[in-house]
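Top to bottom, those sequences are chains A and Z. Each residue of the first sequence is one higher than the last, beginning at 1 in my numbering. Each residue of the second sequence is one higher than the last, beginning at 1 in my numbering. Idealized CB from N, CA, C, for every residue including glycine. Keep in mind it's a predicted model, so treat the numbers as computed, not measured.
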Amino acid sequence: MSKKIIINTAVCKGCGYCVAACPKKALSMSADFNPAGYHFTVVDEKACIGCGTCYTVCPDYVYSVVEE
Amino acid sequence: MTIIKKIPDKLGQHALCAGCGHGIVIRLIQEVLQELGQADNQIAVVGVGCICTATSALKVDRFQAAHGRACATAEGIKRVRPNVVVYTYQGDGDAYTIGIAESLNAAYRNENITMISINNTNFGMTGGQMSWTTLPGQKTETSVNGRDCELTGLPFHFPEMVANSQGFHVAYAARGTVNDVKSINQTKRMIRNAFEAQLNGEGFSVVEVLTACPTNWHMTPQQCQERISTSVESEYPVGEFKKRG
Numbered sequence: 001m002s003k004k005i006i007i008n009t010a011v012c013k014g015c016g017y018c019v020a021a022c023p024k025k026a027l028s029m030s031a032d033f034n035p036a037g038y039h040f041t042v043v044d045e046k047a048c049i050g051c052g053t054c055y056t057v058c059p060d061y062v063y064s065v066v067e068e
Numbered sequence: 001m002t003i004i005k006k007i008p009d010k011l012g013q014h015a016l017c018a019g020c021g022h023g024i025v026i027r028l029i030q031e032v033l034q035e036l037g038q039a040d041n042q043i044a045v046v047g048v049g050c051i052c053t054a055t056s057a058l059k060v061d062r063f064q065a066a067h068g069r070a071c072a073t074a075e076g077i078k079r080v081r082p083n084v085v086v087y088t089y090q091g092d093g094d095a096y097t098i099g100i101a102e103s104l105n106a107a108y109r110n111e112n113i114t115m116i117s118i119n120n121t122n123f124g125m126t127g128g129q130m131s132w133t134t135l136p137g138q139k140t141e142t143s144v145n146g147r148d149c150e151l152t153g154l155p156f157h158f159p160e161m162v163a164n165s166q167g168f169h170v171a172y173a174a175r176g177t178v179n180d181v182k183s184i185n186q187t188k189r190m191i192r193n194a195f196e197a198q199l200n201g202e203g204f205s206v207v208e209v210l211t212a213c214p215t216n217w218h219m220t221p222q223q224c225q226e227r228i229s230t231s232v233e234s235e236y237p238v239g240e241f242k243k244r245g
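Below you can see the structure in the form of structure tokens.
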């Protein structure tokens, strides 16, 4: 059983709160743009522990946490 | 694969600016109401302000009140539907500068409603004009040389006012912020207390939340977090001013 996050990149506005808050520094900003014209976040799945910090600080409801 | 954390069912997507704190507060309200089992038993009364950009996110029964009159409208709804959870969601300009009569009357009569007010130290939706909560010296569209407190008065503290003034006997008054994980969790506990006060019939509860406004502060979201944790929180202390019971 491991936890991981799912990113809904289409609604990300690129504020960067999650990148700054991530305790494992697993999140970074993509160089690409989403359909709304913002840079979105990408996750390093090896580093991510699924703690949910990104879910807590995100104002745009980009993240959900799943267990598999 | 099981989902262990996702946004509440009653939330959709909003069109707020990047880095705006409103989105977090809306989510906290819906999380609390879902945990309390009241997700299908709520009426949101929204004021005029940036929240108008985010009403698409609130998939609940809601009423768009006239500017500043959200508390008066919520009182009316609560009196005819006493079993429904009724709360107002207002900005500082709507709740204080324009609607102080309604907000103070609701607090003074200890009406059994919950007021969530968002303090971003300016009028956000109309382009960043000075409001009562603007910090001394802060530059806005209508205080281009910085707020002059000799001329325009000092920053306004609503939760302290209704918690400590003679004649007021509100159930719960607190101020939180949504700057980091710790403060978001603290603010969620405050919002939970406020709704529990209403469910127990204790009377008026208010939670003011300090949020960032990157667009009108002309800062990046990270600079906004820095500003809130330093100058804004030193003017507006975070904490509970009137505890329940």
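State the DSSP-derived secondary structure class of residue i, mapped to helix, strand or coil.
{"i": "Z:Ala107", "result": "helix"}
{"i": "Z:Gly76", "result": "helix"}
{"i": "Z:Val206", "result": "strand"}
{"i": "A:Tyr17", "result": "helix"}
{"i": "A:His39", "result": "strand"}
{"i": "Z:Phe156", "result": "coil"}
{"i": "Z:Asn164", "result": "helix"}
{"i": "Z:Ile139", "result": "In the sequence as presented, Ile is not what sits at residue 139 of chain Z; that position holds Lys. It is coil, neither helix nor strand."}
{"i": "Z:Ala194", "result": "helix"}
{"i": "Z:Glu240", "result": "strand"}
{"i": "Z:Val181", "result": "helix"}
{"i": "Z:Thr2", "result": "strand"}
{"i": "Z:Lys188", "result": "helix"}
{"i": "Z:Thr114", "result": "strand"}
{"i": "Z:Arg27", "result": "helix"}
{"i": "Z:Asp61", "result": "strand"}
Enumerate in chain order the residues of its own chain whose CB-to-CB distance from residue i is below 7 Å, with the five nearest sequence positions on each side excluded.
{"i": "A:Cys48", "result": "Lys4, Ile5, Lys24 and Ala26"}
{"i": "Z:Gln186", "result": "Gly176"}
{"i": "Z:Lys242", "result": "Ala163, Val170, Tyr172 and Ala173"}
{"i": "A:Cys12", "result": "Asn34, Tyr38, Phe40, Thr41, Asp60 and Val62"}
{"i": "Z:Val60", "result": "Lys10, Gln42 and Ala44"}
{"i": "Z:Asn122", "result": "Gly128, Gln129, Met130, Ser131, Thr134, Thr140, Cys213 and Asn216"}
Nearest to residue i by CA position, among the options, is which residue?
{"i": "Z:Leu16", "options": "Z:Ala173, Z:Glu235, Z:Gly124 and Z:Asp40", "result": "Z:Gly124"}
{"i": "Z:Gly239", "options": "Z:Leu11, Z:Tyr89, Z:Val209 and Z:Gly91", "result": "Z:Val209"}
{"i": "A:Pro35", "options": "A:Tyr63, A:Ala20, A:Gly14 and A:Met1", "result": "A:Gly14"}
{"i": "Z:Thr152", "options": "Z:Ser131, Z:Val162 and Z:Val170", "result": "Z:Ser131"}
{"i": "Z:Pro8", "options": "Z:Met190, Z:Ile26, Z:Phe168 and Z:His157", "result": "Z:Ile26"}
{"i": "A:Tyr61", "options": "Z:Asn112, Z:His22 and Z:Glu160", "result": "Z:His22"}
{"i": "Z:Pro82", "options": "Z:Ala212, Z:Gly201 and Z:Glu235", "result": "Z:Gly201"}
{"i": "Z:Met115", "options": "Z:Gly127, Z:Gly68, Z:Cys149 and Z:Pro221", "result": "Z:Gly68"}
{"i": "Z:Cys71", "options": "Z:Thr55, Z:Cys52 and Z:Val46", "result": "Z:Val46"}
{"i": "Z:Val206", "options": "Z:Ile228, Z:Pro155 and Z:Tyr96", "result": "Z:Tyr96"}
{"i": "Z:His14", "options": "Z:Thr211, Z:Ile98, Z:Lys139 and Z:Ala54", "result": "Z:Ala54"}
{"i": "Z:Lys10", "options": "Z:Gly37, Z:Ala18 and Z:Ile3", "result": "Z:Gly37"}
{"i": "Z:Gly19", "options": "Z:Trp217, Z:Arg109, Z:Arg62 and Z:Leu58", "result": "Z:Trp217"}
{"i": "Z:Glu150", "options": "Z:Leu135, Z:Met161 and Z:Ser231", "result": "Z:Leu135"}
{"i": "Z:Thr215", "options": "Z:Glu233, Z:Thr126, Z:Leu154 and Z:Leu199", "result": "Z:Thr126"}
{"i": "A:Asp44", "options": "A:Cys51, A:Asp32 and A:Ser28", "result": "A:Ser28"}
{"i": "Z:Pro237", "options": "Z:Pro159, Z:Gln198, Z:Leu199 and Z:Gln225", "result": "Z:Pro159"}
Just the C-alpha distance for residue i and residue j, rounded to the nearest angstrom, thanks.
{"i": "Z:Met1", "j": "A:Val66", "result": "6 Å"}
{"i": "Z:Gly273", "j": "Z:Val144", "result": "Residue numbering for chain Z in the displayed model covers 1 to 245; residue 273 of chain Z lies beyond these limits and cannot be assessed."}
{"i": "Z:Ala106", "j": "Z:His157", "result": "16 Å"}
{"i": "Z:Glu111", "j": "A:Thr41", "result": "44 Å"}
{"i": "A:Tyr17", "j": "Z:Pro221", "result": "7 Å"}
{"i": "Z:Leu28", "j": "Z:Asp148", "result": "35 Å"}
{"i": "A:Pro59", "j": "Z:Arg227", "result": "18 Å"}
{"i": "Z:Gly93", "j": "Z:Cys50", "result": "10 Å"}
{"i": "Z:Gly203", "j": "Z:Leu104", "result": "14 Å"}
{"i": "Z:Phe168", "j": "Z:Leu58", "result": "32 Å"}
{"i": "Z:Lys277", "j": "Z:Glu35", "result": "Missing from the structure shown is residue 277 of chain Z; chain Z here goes from 1 to 245 and no further."}
{"i": "Z:Glu235", "j": "Z:Thr211", "result": "14 Å"}
{"i": "Z:Ser229", "j": "A:Tyr55", "result": "21 Å"}
{"i": "A:Met1", "j": "Z:Gly99", "result": "52 Å"}
Is the closest heavy atom of the ligand NAP to the C-beta of residue i under 7 Å?
{"i": "Z:Met130", "result": "As for the ligand NAP, it is missing from this structure, which has no ligand bound."}
To which residues of the same chain is residue i closer than 6 Å at the C-beta, ignoring the five residues directly before and after it?
{"i": "Z:Gln90", "result": "Gly47, Ala70 and Ser117"}
{"i": "A:Ala21", "result": "Thr53 and Val57"}
{"i": "Z:Gly146", "result": "Gly137 and Lys139"}
Which same chain residues, not among the five before or five after residue i, have their C-beta less than 8 Å away from its C-beta?
{"i": "Z:Glu102", "result": "Gly68, Arg69, Ala70, Cys71 and Ala72"}
With contact counted as at least three CB pairs below 8 Å, one residue from each stretch, are the segment 71 to 91 of chain Z and the segment 174 to 184 of chain Z in contact?
no
Contact the segment 80 to 99 of chain Z vs the segment 39 to 48 of chain Z: 3+ CB pairs below 8 Å:
Between the segment 80 to 99 of chain Z and the segment 39 to 48 of chain Z, the count of Cβ pairs shorter than 8 Å is three or higher; the stretches touch.
The segment 163 to 172 of chain Z / the segment 192 to 201 of chain Z touching (three or more Cβ pairs under 8 Å)
Output reads yes: the segment 192 to 201 of chain Z touches the segment 163 to 172 of chain Z.
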